[in-house]
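Student: Protein chains in written order, with the working numbering: chain C, 1 to 477; chain W, 1 to 477. Using N, Cα and C, we set each Cβ at its ideal position, and we do this for glycine too.
1) So who's on the other strand from residue 301 of chain W, going by DSSP bridges?
2) Excluding five sequence neighbours on each side, which residues of the same chain lie with their C-beta closer than 6 Å to the C-beta of residue 200 of chain C?
3) From this set, W:394, W:364, W:424, W:397, which residue's C-alpha is nearest residue 376 of chain W's C-alpha?
4) Could you tell me which chain C residues have their CB closer than 7 Å to the CB of residue 344 of chain W, listed as they occur along the chain?
5) Buried or exposed, going by whether 16 or more other CB atoms sit within 10 Å of the CB of residue 311 of chain C?
6) Report all residues from its chain with a CB closer than 7 Å to the CB of residue 37 of chain W; omit the five preceding and five following residues, and keep chain order.
7) Could you tell me if residue 225 of chain C is buried or exposed, where buried requires 16 or more neighbouring beta carbons within 10 angstroms of its beta carbon?
8) Ends of the alpha helix (DSSP H) at residue 397 of chain W?
9) The stretch 231–245 of chain C: which residues have C-beta closer than 9 Å to a C-beta of chain W, in chain order?
10) Measure how close the beta-carbons of residue 434 of chain W and residue 134 of chain W come, nearest whole angstrom, since I'm counting them as under 8 Å.
11) Taking the alpha carbon of residue 409 of chain W as the point to measure from, which residue in W:370, W:268, W:451 has its own alpha carbon closest?
12) For the beta strand (DSSP E) that contains residue 402 of chain W, what are its first and last residues?
13) Using a Cβ cut-off of 8 Å (strictly closer), state whether residue 335 of chain W contacts chain C.
14) Mind checking if residue 314 of chain C is an interface residue toward chain W, Cβ cutoff 8 Å exclusive?
15) Are there 16 or more other CB atoms within 10 angstroms of the CB of residue 273 of chain W, so buried, or fewer, so exposed?
16) Using 10 angstroms around the beta-carbon of residue 402 of chain W, count the other beta-carbons present and answer buried if the total reaches 16, otherwise exposed.
17) Rounded to whole angstroms, how far is the Cβ of residue 309 of chain W from the Cβ of residue 335 of chain C, which I believe are closer than 8 Å?
18) In chain order, what residues of the same chain lie with their CB nearer than 6 Å to the CB of residue 229 of chain W, ignoring the 5 residues before and after it?
19) Could you please give the first and the last residue of the uninterrupted alpha helix (DSSP H) stretch that includes residue 201 of chain C?
20) Can you pull the chain C neighbours of residue 249 of chain W, defined as C-beta to C-beta under 7 Å?
21) Along the stretch 426–459 of chain C, what residues have a CB closer than 9 Å to any CB found in chain W?
22) Comparing the C-beta of residue 13 of chain C with each C-beta of chain W, is any distance below 8 Å?
23) Alpha carbon to alpha carbon, how far is residue 276 of chain C from residue 322 of chain C? Give it in angstroms, no decimals.
24) Looking at C-alpha atoms only, which residue of W:460, W:430, W:458 is the closest neighbour of residue 449 of chain W?
25) Are the Cβ atoms of residue 367 of chain W and residue 446 of chain W separated by less than 8 Å?
26) Determine, using beta carbons only, whether residue 463 of chain W comes closer than 8 Å to chain C.
27) What whole-angstrom Cβ distance do residue 482 of chain C and residue 167 of chain C have, given they're in contact under 8 Å?
28) I want to see whether chain W comes within less than 8 Å of residue 99 of chain C, judged by CB atoms only; does it?
29) Which residue wins for smallest C-alpha separation from residue 455 of chain C, given the options C:436, C:420, C:463, C:442?
30) Mapping DSSP to helix, strand and coil, what is residue 364 of chain W?
31) Can you name the residues of chain C whose CB is closer than 8 Å to the CB of residue 196 of chain W?
32) Ignoring anything shorter than 4 residues, give me the alpha helix (DSSP H) runs that lie fully in the stretch 79–131 of chain C, in order along the chain.
33) In this structure, does DSSP put residue 433 of chain W in helix, strand or coil?
34) Taking Cβ positions, are residue 346 of chain C and residue 242 of chain C nearer each other than 8 Å?
35) So with Cβ pairs under 8 Å, would you call residue 348 of chain W a contact of chain C?
36) Tell me, which residues are paired with residue 463 of chain C by DSSP?
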């Protein structure tokens, strides 16, 4: 019971009991036939929950459904008839329904996908618009917008009217308590009515294959415009020059940046699951998340970490050594050359050698009290666990590390910058929860950082001993 | 006799016969006592040729003295009484005097050096002002302006009135035939009357120790001014930030750039004598000599030379491999980091990723005729040999490679860009003779380049075989 309440409060999900998993037919029966005083779900939501008068439920995860039923019952989510219906359900009934519905695969229209020509709205789904704080839909809802089967709903092929109504409702939500509502209220708040209509229309047509966006035919070479460092915007994807070896290197560099464990696998620690983009949000572009363009023009730079002037190459090698717990790619390796090509391209037009305000993460002051990892754990359960998991192991979806692991074997090692509580706090304050950066106060960010960094993770490689050294009792320099 | 005429025509110097070297006292006697009908030199030029009514002659090289006596005799150099006196000398007498005078050490005033507070004129002597095409005086006249003892006269401690008159005379010389006059006419032509007065005054006070110039106390941090790429001027030496690790790296990078064989010795081929500055003139700043600031913002760049996208680090490694016939410094080696720091500092304020007109050398068209290395040899003797030697081995002075060797074991190998005739021709056209760039026509530049590149030099390391490969008959990839 304590677990259920916590789940409701935090949106982190329900621990489903073994006997319920073995009895999805109980949920199926309720869905088809109702219970005494409870109408059958099928009447509105259609056979196999594929939608009818009401929205499609197939494709929603069991935690999500359970959470929504509780919200309807408590009146935290407006839903007309659903307030009354859910109000009659016991928590057990809710869970039975959730388990069964979550087992159904959504149907989507086939081959409508290619017809979606609305490039601005595709761009919003695939790239987002971080200038308004809007991350890409696919960043959380899966590359095909099919959801994660647990907490995050499928959007592809959902009813257009339902999607539009839901986004409009998020726009009105000013006192969000739960993390998903907090995030979606922020995101929807940045959308225009027209964008909401276009998003709902487009999502309803999606067929369950990955959404793609490619720069239009109006691509143009970037002129040598000199940007002011205060208002710098990296070149758009459309500004890549026509196919050339350098453009190919830039593109491959972006692939490595977005999927480091795949495209730079040999340099990533065997157990490590992190990609560059997990810390450097919005493809390395976001001004408040250590943007790559600011680093590109700032290095070489003295770093007290290794008591040396570091070139950009050396700095990137540091990321592989610590954040990726791996092996530094040699300076002339294709991985390094492609990353440098991508990073320098992001800085196109920026003056060399300047220190931009955007360098690194926005500064965060010292906390008023010593960081409290017990309080951090409570906040983590409320604000972070839905994506990163209460076990901190993040979430893989369709082979992609949707949300990064924060500790343990799969995460950064003890030598990484993120293992310094102050740096992690600065990142969290500015950027977390994803899509709702700035919503935590500084003390909360410090407490969460202290909790996250209190967990075991791979050792700092600078401290590791070789077997020979260990036998002699010495340490590696 | 043919040799003497050639020497007179070309200014490259006299081959001194062995018997003359063993008889300097003949020159001494003529200097002290004259010959029948020839007044004693000592009357005007003072004891030990330290100057009196006339200028000091001690400190002038034997080729220089011989050349001047011929020029006085022929009326090519104005000199009042010297026209009549030299006109009475036989070539043998001229050579005897030249050999003896060249053996005398010049006296300079002691401890006046530190009193020279004229920073602009010191800067001119040590740095030059390439915006007016004026190289530093020390680039040819030795770091202490003591000359090279052969072709290039000592200036330190020379009579002020003489120095000023000579520079003013160079200013009037419009039809220069000899290479030194061609060069000095260009340089003096760029000086103001006030600068000539200040230079003569300052040089007369020099005490024979190396001339130094350090940025004044009005040093300022460079603000993040955004320069237009068309009018870019690298930051002045005064713009280095106050002592810091990065500033130290920039300074050390400049030292390496200027004295690569000394400060990056381990990466320079054992026999190689080239430094970065020998191709990248004016400390890597000169817009018409592959300026480092243009490279800094252009890389990464695809190069057909190695069929790869190259980072700046890789490009510099290429210089060490080919131009310096050595070993590429690893990306994280202090030598590489310091060079990158210096090069990126030179580009301070330049927009990242732009292709500047100044990148590389100014383009030179295809020659009208096939490059003619026989004609190139004649031109080389006239225009190049005074500095680089007829043997192409350049000139060491006071431990410094004053003029670089152009072929043979001490020069770049066959894989270097300068071994491509077109690239060498472009460099020569724009920059040679040193201080008089642009004075050769394109065809002449092609011919000289063809002559220079026709000589033996170290093999392209890409073609070299390992012993094992050679035994098997295979080649390294």
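Tutor: Working from what's here:
1) Your numbering for residue 301 of chain W matches position 301 in the second chain. DSSP output for residue 301 of chain W lists W:310 as bridge partner(s).
2) Residue 200 of chain C sits at position 200 when you count from the first residue of the first chain. 160, 163, 164.
3) In the second chain, the residue the question calls residue 376 of chain W occupies position 376. For the residues W:394, W:364, W:424, W:397, the minimum Cα distance to residue 376 of chain W belongs to W:424.
4) Against the second chain, residue 344 of chain W aligns to sequence position 344. Under the 7 Å cutoff, chain C gives 300, 352, 353.
5) Numbered from 1 along the first chain, position 311 holds the residue referred to as residue 311 of chain C. Buried, by the Cβ-count rule.
6) The count along the second chain starts at 1 and reaches residue 37 of chain W at position 37. These residues qualify, in order along the chain: 88.
7) Position 225 of the first chain, counting from 1, holds the residue named residue 225 of chain C. Any reading at residue 225 of chain C must be qualified, since the residue scores a pLDDT of 35, below 50, and its modelled position is unreliable; the value itself is stated next. Flag for residue 225 of chain C reads exposed.
8) By one-based count along the second chain, residue 397 of chain W stands at place 397. Here residue 397 of chain W belongs to no alpha helix (DSSP H); instead the beta strand (DSSP E) covers 395–397.
9) Those residues of the stretch 231–245 of chain C that come within reach of chain W (Cβ to Cβ, closer than 9 Å) are 235, 244, 245.
10) Indexing the second chain from 1 puts residue 434 of chain W at position 434. Indexing the second chain from 1 puts residue 134 of chain W at position 134. With a Cβ gap of about 11 Å, residue 434 of chain W and residue 134 of chain W do not count as contacting.
11) To locate residue 409 of chain W, count along the second chain from 1; it is residue 409. Ranked by Cα distance from residue 409 of chain W, the first of W:370, W:268, W:451 is W:268.
12) Along the second chain, read from residue 1 onward, the residue named residue 402 of chain W stands at position 402. Run containing residue 402 of chain W: 400–403, per the beta strand (DSSP E) assignment.
13) Reading the second chain from its first residue, position 335 is the one you call residue 335 of chain W. For residue 335 of chain W, not one C-beta of chain C is nearer than 8 Å to its own C-beta.
14) Counting from one through the first chain, the residue named residue 314 of chain C turns up at place 314. Interface residue, yes.
15) Residue mapping note: residue 273 of chain W aligns to position 273 of the second chain, counting from 1. Counting other Cβ atoms within 10 Å of its Cβ, residue 273 of chain W reaches 16 or more and is therefore classed as buried.
16) By one-based count along the second chain, residue 402 of chain W stands at place 402. It is buried - the Cβ of residue 402 of chain W has at least 16 other Cβ atoms within 10 Å.
17) Numbered from 1 along the second chain, position 309 holds the residue referred to as residue 309 of chain W. Numbered from 1 along the first chain, position 335 holds the residue referred to as residue 335 of chain C. So it is not a contact: roughly 12 Å between Cβ atoms.
18) Within the second chain, numbered from 1, the residue matching residue 229 of chain W stands at position 229. Below a pLDDT of 50, predicted positions are generally treated as unreliable, and residue 229 of chain W, at 46, falls in that range; the measurement from the model is reported next regardless. In chain order, 354, 356 place their CB closer than 6 Å to the CB of residue 229 of chain W, counting only its own chain and leaving out the 5 sequence neighbours on each side.
19) For the purposes of this step, residue 201 of chain C is taken as residue 201 along the first chain, with counting starting at 1. Element bounds for residue 201 of chain C: 193–205.
20) Translated into the one-based positions of the second chain, residue 249 of chain W becomes position 249. The contacting residues are 300, 309.
21) Residues passing the 9 Å Cβ filter: none.
22) To locate residue 13 of chain C, count along the first chain from 1; it is residue 13. Residue placement at residue 13 of chain C is flagged as unreliable, the pLDDT there being 43, under the threshold of 50; a coordinate-derived value is accordingly withheld.
23) One-based indexing of the first chain puts residue 322 of chain C at position 322. One-based indexing of the first chain puts residue 276 of chain C at position 276. The C-alpha of residue 322 of chain C lies about 12 Å from the C-alpha of residue 276 of chain C.
24) Reading the second chain from its first residue, position 449 is the one you call residue 449 of chain W. Selected option, being the one with the closest Cα: W:430.
25) Along the second chain, read from residue 1 onward, the residue named residue 367 of chain W stands at position 367. Along the second chain, read from residue 1 onward, the residue named residue 446 of chain W stands at position 446. Taking 8 Å as the Cβ cut-off, residue 367 of chain W and residue 446 of chain W qualify as a contacting pair.
26) The residue given as residue 463 of chain W occupies position 463 in the second chain. Not an interface residue.
27) Given that chain C is displayed from residue 1 to residue 477, the structure contains no residue 482 of chain C and the question cannot be resolved.
28) Sequence index remark: in the first chain, residue 99 of chain C carries index 99 (1-based). Cβ-Cβ to chain W under 8 Å: no for residue 99 of chain C.
29) Reading the first chain from its first residue, position 455 is the one you call residue 455 of chain C. That would be C:420, whose Cα lies nearest to the Cα of residue 455 of chain C.
30) Position 364 of the second chain holds residue 364 of chain W. Assignment of residue 364 of chain W by DSSP, reduced to helix, strand and coil, places it in the coil class.
31) As a first step, residue 196 of chain W is located in the second chain; it is residue number 196 there, counting from the start. Within chain C, no residue comes near residue 196 of chain W; the closest Cβ sits about 37 Å away, beyond 8 Å.
32) Counting only unbroken stretches of 4 or more residues, the alpha helix (DSSP H) elements lying wholly within the stretch 79–131 of chain C are 81–87, 91–102, 119–126, in sequence order.
33) Counted from its first residue, the second chain places residue 433 of chain W at position 433. Correct three-state label for residue 433 of chain W: coil.
34) The sequence position of residue 346 of chain C within the first chain is 346, counting from 1. The sequence position of residue 242 of chain C within the first chain is 242, counting from 1. In this structure, the beta-carbon distance from residue 346 of chain C to residue 242 of chain C does not fall below 8 Å.
35) By one-based count along the second chain, residue 348 of chain W stands at place 348. So, interface residue.
36) By one-based count along the first chain, residue 463 of chain C stands at place 463. DSSP output for residue 463 of chain C lists no bridge partner at all.
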